[in-house]
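Trainee: The structure's right below; bear with me while I get my questions together.
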Amino acid sequence: MVYFFQNFLNALQWGSFYALIALGYSMVYGILMLFNFAHGDVFMTGAYIGLGTALFFTMIFSSGAVSVVPGWIILVLTILSSMALASILGMIIERIGYRPLRNAPRASAAITGLMIGIILETGNLAILGAQRFSFPSIIDTVTWEAGGIFFTNKKILIVAVALFLMAALHVFIKKTKWGMAMRAMSYDPLAVPLMGVSVNIVAPMTFAIGSGLAAAAGVLYSMAYPVLDPMMGVNLGWKAFVAAILGGRGSIMGAALAGFILGFIEIFVAMIFPSTLRDLIAYSIILAILTFRPYGFFGQAHSAQLRL
Amino acid sequence: MMSRFSMLCGEVPALGWLLGILASVTAEYVIGEDLSNILGMDKAPVLFGVLMAFKEPLMIPNLLAYAFIIYVFPAVSTGILTRVPANRLAGRLDHLPVIISGLLHISFLYLIIHFWAGMNDYHLIVIKITMISVILTLSMNVINGYMGEFSCSHPGFMAIGAYTTSVMTLVLFTKSRFGAGPILPEAAGPFVFPIVLVIGGLLTSLAALIVAIPSFRTRGDYLAIISLAFTFMIKSIIENMEIIGGARGLGDQPDFSGLTAVFAWTVLCIWVVNNFVTSVPGKAMNAVRDNESAADAMTVNTRKTKITAFMFGAFWAGVAGGLLAHMLRYINPGTFGLQKLAEIFAMVYFGGLNSIYGSIVGAASISLLGEALRPLELYKWIVIPLLLIIVMIKRPTGLMAFMEFNMKKLLRPRDRGKEEGPVG
Amino acid sequence: MDKLLHIEKMSHSFGGLQAVQNFSLEIGAGEIVGLIGPNGAGKTTVFNLITGVYKPVSGRVMLRGRDIAGEQPHTIASLGIGRTFQNLLLWRHMNVLDHVKIAHYSQVTYGLAGAFFGTPRRNRQEREIEQTSMELLKRFRVDHFALLPVGSLPYGAQRRVEIARAMATRPRLLLLDEPTAGMTPDELKEMIGIIKGIHADYGVAILLIEHRMKFVMELCSRIVTLVFGEIIAEGAPMEIRNNPKVIEAYLGREDIT
Chain A
867 MVYFFQNFLN ALQWGSFYAL IALGYSMVYG ILMLFNFAHG DVFMTGAYIG
917 LGTALFFTMI FSSGAVSVVP GWIILVLTIL SSMALASILG MIIERIGYRP
967 LRNAPRASAA ITGLMIGIIL ETGNLAILGA QRFSFPSIID TVTWEAGGIF
1017 FTNKKILIVA VALFLMAALH VFIKKTKWGM AMRAMSYDPL AVPLMGVSVN
1067 IVAPMTFAIG SGLAAAAGVL YSMAYPVLDP MMGVNLGWKA FVAAILGGRG
1117 SIMGAALAGF ILGFIEIFVA MIFPSTLRDL IAYSIILAIL TFRPYGFFGQ
1167 AHSAQLRL
Chain B
35 MMSRFSMLCG EVPALGWLLG ILASVTAEYV IGEDLSNILG MDKAPVLFGV
85 LMAFKEPLMI PNLLAYAFII YVFPAVSTGI LTRVPANRLA GRLDHLPVII
135 SGLLHISFLY LIIHFWAGMN DYHLIVIKIT MISVILTLSM NVINGYMGEF
185 SCSHPGFMAI GAYTTSVMTL VLFTKSRFGA GPILPEAAGP FVFPIVLVIG
235 GLLTSLAALI VAIPSFRTRG DYLAIISLAF TFMIKSIIEN MEIIGGARGL
285 GDQPDFSGLT AVFAWTVLCI WVVNNFVTSV PGKAMNAVRD NESAADAMTV
335 NTRKTKITAF MFGAFWAGVA GGLLAHMLRY INPGTFGLQK LAEIFAMVYF
385 GGLNSIYGSI VGAASISLLG EALRPLELYK WIVIPLLLII VMIKRPTGLM
435 AFMEFNMKKL LRPRDRGKEE GPVG
Chain C
919 MDKLLHIEKM SHSFGGLQAV QNFSLEIGAG EIVGLIGPNG AGKTTVFNLI
969 TGVYKPVSGR VMLRGRDIAG EQPHTIASLG IGRTFQNLLL WRHMNVLDHV
1019 KIAHYSQVTY GLAGAFFGTP RRNRQEREIE QTSMELLKRF RVDHFALLPV
1069 GSLPYGAQRR VEIARAMATR PRLLLLDEPT AGMTPDELKE MIGIIKGIHA
1119 DYGVAILLIE HRMKFVMELC SRIVTLVFGE IIAEGAPMEI RNNPKVIEAY
1169 LGREDIT
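Chains as they are written, first to last, in the numbering used here: chain A, 867 to 1174; chain B, 35 to 458; chain C, 919 to 1175.
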């Protein structure tokens, strides 16, 4: 039982990463009816930007070996700056890879997205080389124990930040003018431009917000697993994409929930079966779900196609 | 001047271009080494000198001169000079049944390739990889282009073909980990290997049902995920099967993918795929792709069409996997991952959807470029994606999409103006 | 003798909405029947029920004595029901000739072996199909467009291609869903000629959804009026025209000419 709760916490943390990334996939889908296939690599780039800004802020705020400001301020600055920079990256991706192809076959835009992702990975390798970097430990790890279950402050922080960002997104979408424009556009992509809201503003904004969330996920992920790797976005990104699909395309909170569900599936599969079988079983479950529930948990059956 | 020149080039029949290529290959063979010395290079540039151009940009003019003297000039001049007799001969051949004239041309092409590949081992590897890529690209084009599904299952199909054929040949021809010593002598290879490949391809077709059946109800994004999950599952299954080497891979396959075998399979693949996509059941794929309801109302059995497309494409992907395994003679699960998928996507979408010419051009250009940039692995994966993004923005369905391949048109004589027309 | 098509108390609903209710209709061989009714009356749903796009919740659909309710659409099509669509469902990447060739799908007997390996039988059949397709195109005066992509044709020609395609399936019953939608008066006249022509040449029965009364009156021997999924009147054109229920529900709001 203790073991179960321990893993419950792990699954919650693992699911937060998926959920944050899946949100970006789902938001872009809602607006453009297209998935941003470079999104996994935006997560990776976000983590590396986080590494850079974390080192930068640690440097300027320290005298000698001692930091003059508390760790959490550096962490907040790191997350915010990484989110901001990744948002710009997201807008660039939209401009290069998606805007010119808005009326092209959907598969073509998927290809450009994939290719931008590959360029991000390879570009990272070309600039930083094959060596692995480790993320600085900005705040000290504190461990608590309650009834045999171990909590670290980082785990709780990660889940809390993830939930906070999701809540913020929810408020943004429900309450602000731009959020409403986004919702309207995912409801009817043709009517909204007629009402004076340009796709050329809403689409980059959506990419920016999604990329910002992915970058936040990247920094949080690096806190939990500090060794960075240019290919880290591939595996996580694809799984988050799966979560976005399972949540139902374009259903934003569905994507977040499915992200957590996927996290739970993976952690509990690894709890019962050998870890080498984790991917196999997770993907078999996904395949089964999609075969019997082809439109995901929360999506409606509308027949957009990734076709010619 | 230029228009006169392009008019002359337009009069050269396929046969003439083959002669021209022969001239280039001969030129490379006879004077390649000497010319590279004269132009101040240590050795003859391999694969059009792309690598050398990257390492020593100052050599680019010399490389261009080399490429012109060895490749462009002999090919074009021979083509133009021989156009009259070549057209006459092509005219004769044109009266024969297309299969005979086609076979004659193909035999000639084989001789040229054999000659070029015989020059050094690197040429041999490059040409074999290129031809295997043609099979792969065609097979994916059947599913993603002609059938219009966004399927990511190809690396999985290849892996199944590669592993099943490897296990069969290892059991039959070697003293392997699978038990008893060789059952058949190595000399029986050329006869047994085709059967092994067919069995491997058929097994791949069966596995393709896992992706094909969900495609009845879902298309597009969901199918992308299902097929991707399929690829990951196959990879994961292989990693967990210690008997076939697990993550460490499987090696020492007998060397059966010779130039002749690969060439023959490539020609067979082009022929069969072309037969299929020009037939009514094959064109039914396009109908289902463009509008499923209309296809259904026009008596097209959509489920059968989808299943056929997937199984047919998977068969050829399996064959390509088998050929690749016996060429590399070592495979591991990592060979069949996302990188492979990106590479096949690049070939298919660069060359053009729904097009056999496109598949050949896409496979040849991307794999030659990939080989040329191989020592600079990193740049390869920046140059190819950039190229593909530009192509997608300019021509979203690829360079030569929606073109029908017609052997008779391709080989016909070009001297009579009234038969002029774009061929591809 | 059995009628060509015999529909008996066919009903269908979407969720809670009763789309078609107790729809009964008989069509004899070679008859032209009109199906009229205000927008949203369920006319296209009737077509989709007959052709197997939807499966009727209850009732029977008999084609030459065989119950086809619940069969796959392609089976029903190959049993002899051809159709066109209200908003032109053509295959946009394909040329005109291929449209008609593909509609021969169920008549192909060379199988996959023939498709893969180009057997003599396949070559012979492909040639025959090409020939009959060209004849059909000529019949509908679109043969000069044969090798053009279908999207590049003028609208009226696209409509004709769609009918030619439906005729290539060798139907005994042709369902035409608003064949004159969006047509100019000249094209309309041409369409009347075409429909009369295929009726005379092929002896095919036609069930036709149409809004233009002039068109329906001229072509049909019998007219069925559908309102809110139910037949409110059935009879000869003159009877329908003077039926007070029809006038109230439908015609009263439109100009009867």
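Built from N, CA and C at the ideal position, the CB exists for glycine as well.
Quick check: is the beta carbon of I1133 (chain A) nearer than 8 Å to any beta carbon in chain B?
Mentor: Chain B, which has no Cβ nearer than 8 Å to the Cβ of I1133 (chain A), makes this no.
Trainee: Along the stretch 265 to 287 of chain B, what residues have a CB closer than 7 Å to any CB found in chain A?
Mentor: Result list: F266, M267, S270, I271, E273 and N274.
Trainee: Using CA atoms only, rank isn't needed, just tell me which of B:L53, B:I94 and B:A263 is closest to P119 (chain B).
Mentor: Nearest option by C-alpha distance: B:L53.
Trainee: Just checking V314 (chain B) against the ligand FMN - is the residue's beta carbon closer than 7 Å to any of the ligand's heavy atoms?
Mentor: Only the bare structure without any ligand can be found here, which leaves the ligand FMN out of the picture.
Trainee: I'd like to know if P971 (chain A) contacts chain B, where contact means its C-beta is closer than 8 Å to some C-beta of that chain.
Mentor: Yes, P971 (chain A) lies at the interface with chain B (some Cβ there is under 8 Å from its Cβ).
Trainee: Between the C-alpha atoms of I1141 (chain C) and E1108 (chain C), what's the straight-line distance to the nearest angstrom?
Mentor: In a straight line, the C-alpha of I1141 (chain C) is about 22 Å away from that of E1108 (chain C).
Trainee: Considering only their Cβ atoms, is the gap separating G983 (chain A) from G918 (chain A) smaller than 8 Å?
Mentor: The answer is no: Cβ separation not under 8 Å.
Trainee: Using only CA atoms, which one of B:I229, B:A331, B:S313 and B:T336 lies nearest to R323 (chain B)?
Mentor: Comparing Cα positions, the closest option is B:T336.
Trainee: Quick one: what does DSSP say D1054 (chain A) is sitting in, helix, strand or coil?
Mentor: Looking at D1054 (chain A) - three-state DSSP - the assignment turns out to be coil, as it is neither helix nor strand.
Trainee: Mind the definition here: the stretch 1101 to 1120 of chain A touches the stretch 887 to 907 of chain A only if three or more C-beta pairs lie below 8 Å; say whether that holds.
Mentor: With a cut-off of 8 Å, the stretch 887 to 907 of chain A and the stretch 1101 to 1120 of chain A count as touching, because enough Cβ pairs lie within range.
Trainee: Name the chain C residues that come within less than 9 Å of K442 (chain B), Cβ to Cβ?
Mentor: Here the premise fails: no neighbours, minimum Cβ distance about 13 Å.
Trainee: Could you run through the stretch 990 to 1021 of chain A and flag, in chain order, every residue whose CB is less than 9 Å away from some CB of chain B?
Mentor: Listed by position, the residues of the stretch 990 to 1021 of chain A near chain B (Cβ gap below 9 Å) are L991 and A992.
Trainee: Whose C-beta lies closer than 6 Å to the C-beta of S401 (chain B) among residues of the same chain, with five residues either side of it excluded?
Mentor: Once the five neighbours on either side are set aside, the close Cβ partners of S401 (chain B) are I163, T164 and S167.
Trainee: Under a Cβ-count criterion, where at least 16 other Cβ atoms within 10 Å of its own Cβ denotes burial, should I954 (chain C) be classed as buried or exposed?
Mentor: I954 (chain C) comes out buried.
Trainee: Quick one: Cα of G356 (chain B) to Cα of T198 (chain B), how far?
Mentor: About 8 Å.
Trainee: Against chain C, which members of the stretch 308 to 331 of chain B pass a CB distance test of less than 7 Å?
Mentor: Under the 7 Å Cβ criterion, the stretch 308 to 331 of chain B contributes N309, F310, S313, V314, P315, G316, K317, A318, N320, A321, D324, N325, S327, A328, D330 and A331.
Trainee: Specify whether the stretch 258 to 270 of chain B and the stretch 326 to 335 of chain B touch according to this definition: at least 3 beta carbon pairs, one from each stretch, less than 8 Å apart.
Mentor: Flag = no, the stretch 258 to 270 of chain B and the stretch 326 to 335 of chain B do not touch.
Trainee: Any idea if H1168 (chain A) is buried or exposed, counting beta-carbon neighbours within 10 angstroms, 16 or more meaning buried?
Mentor: Since pLDDT at H1168 (chain A) reaches only 45, below the 50 mark, its modelled position is unreliable, and the value read off the structure follows with that caveat. With fewer than 16 other Cβ atoms within 10 Å, it is exposed.
Trainee: Along the stretch 362 to 395 of chain B, what residues have a CB closer than 7 Å to any CB found in chain A?
Mentor: Taking 7 Å as the Cβ-Cβ cut-off against chain A, the residues of the stretch 362 to 395 of chain B that qualify are L372, A376, F379, Y383 and L387.
Trainee: Cutting at 7 Å between CB atoms, please list the residues of its own chain near L69 (chain B), excluding the five before and the five after it.
Mentor: Only Y100, I103 and I104 meet the Cβ criterion.
Trainee: Taking Cβ positions only, does R1173 (chain A) come closer than 8 Å to chain B?
Mentor: Note that R1173 (chain A) scores 36 on pLDDT, short of 50, meaning its location in the model is unreliable; the coordinates nonetheless yield the value given after this. Closer than 8 Å to some Cβ of chain B, the Cβ of R1173 (chain A) qualifies, so yes.
Trainee: Note down, in chain order, every chain C residue with its Cβ under 7 Å from the Cβ of N335 (chain B).
Mentor: Within chain C, the residues near N335 (chain B) are H992.
Trainee: Under 7 Å, CB to CB, which of the residues in the stretch 215 to 238 of chain B have a partner in chain C?
Mentor: Within the stretch 215 to 238 of chain B, no residue has a Cβ that lies closer than 7 Å to any Cβ of chain C.
Trainee: Short of 7 Å in beta carbon distance, which residues of its chain neighbour A380 (chain B), apart from the five on each side in sequence? Order them along the chain.
Mentor: Counting only Cβ-Cβ distances below 7 Å, and skipping sequence neighbours, we find I400, I418 and L422.
Trainee: So what does DSSP say about S929 (chain A), is it helix, strand or coil?
Mentor: Correct three-state label for S929 (chain A): strand.
Trainee: Going along chain B in order, which residues have a C-beta closer than 9 Å to the C-beta of I985 (chain A)?
Mentor: Near I985 (chain A) (Cβ distances below 9 Å), the residues of chain B are W415, I416, P419, L420 and I423.
Trainee: Output yes if chain A places a C-beta closer than 8 Å to the C-beta of P108 (chain B); else output no.
Mentor: Not one chain A Cβ lies under 8 Å of P108 (chain B).
Trainee: Can you check whether the C-beta of P1092 (chain A) is within less than 8 Å of a C-beta belonging to chain B?
Mentor: So, not an interface residue.
Trainee: Look up H1062 (chain C) in the DSSP assignment and say whether it is helix, strand or coil.
Mentor: Looking at H1062 (chain C) - three-state DSSP - the assignment turns out to be helix.
Trainee: So V353 (chain B) and W415 (chain B) are supposed to be a Cβ contact under 8 Å. How far apart are they, rounded?
Mentor: At roughly 27 Å, the Cβ-Cβ gap does not stay under 8 Å, so V353 (chain B) and W415 (chain B) are not in contact.
Trainee: Take F1038 (chain A) and list the residues in its own chain whose beta-carbon comes closer than 6 Å to its own, dropping the five residues that flank it on each side.
Mentor: Once the five neighbours on either side are set aside, the close Cβ partners of F1038 (chain A) are G1045.
Trainee: For W880 (chain A), report the span of its alpha helix (DSSP H) as first-last.
Mentor: Note, W880 (chain A): alpha helix (DSSP H), V868 to L898.
Trainee: Does the contact criterion of 3 or more C-beta pairs under 8 Å hold for the stretch 424 to 443 of chain B versus the stretch 938 to 953 of chain C?
Mentor: The answer is no - the stretch 938 to 953 of chain C does not touch the stretch 424 to 443 of chain B, with fewer than three Cβ pairs under 8 Å.
Trainee: Mark Q1043 (chain C) as exposed unless 16 or more other C-beta atoms lie within 10 angstroms of its C-beta, in which case mark it buried.
Mentor: Classification of Q1043 (chain C): buried, given that the 10 Å Cβ count is 16 or more.
Trainee: Just how far apart, CA to CA, sit Q872 (chain A) and S1141 (chain A)?
Mentor: Distance between the alpha carbons of Q872 (chain A) and S1141 (chain A): 17 Å.
Trainee: Go through its chain and collect everything with a Cβ distance to S63 (chain B)'s Cβ below 7 Å, but skip five positions before and after it.
Mentor: This sequence places Tyr at residue 63 (chain B); Ser is not what is there. Closer than 7 Å at Cβ, skipping near neighbours: M153.
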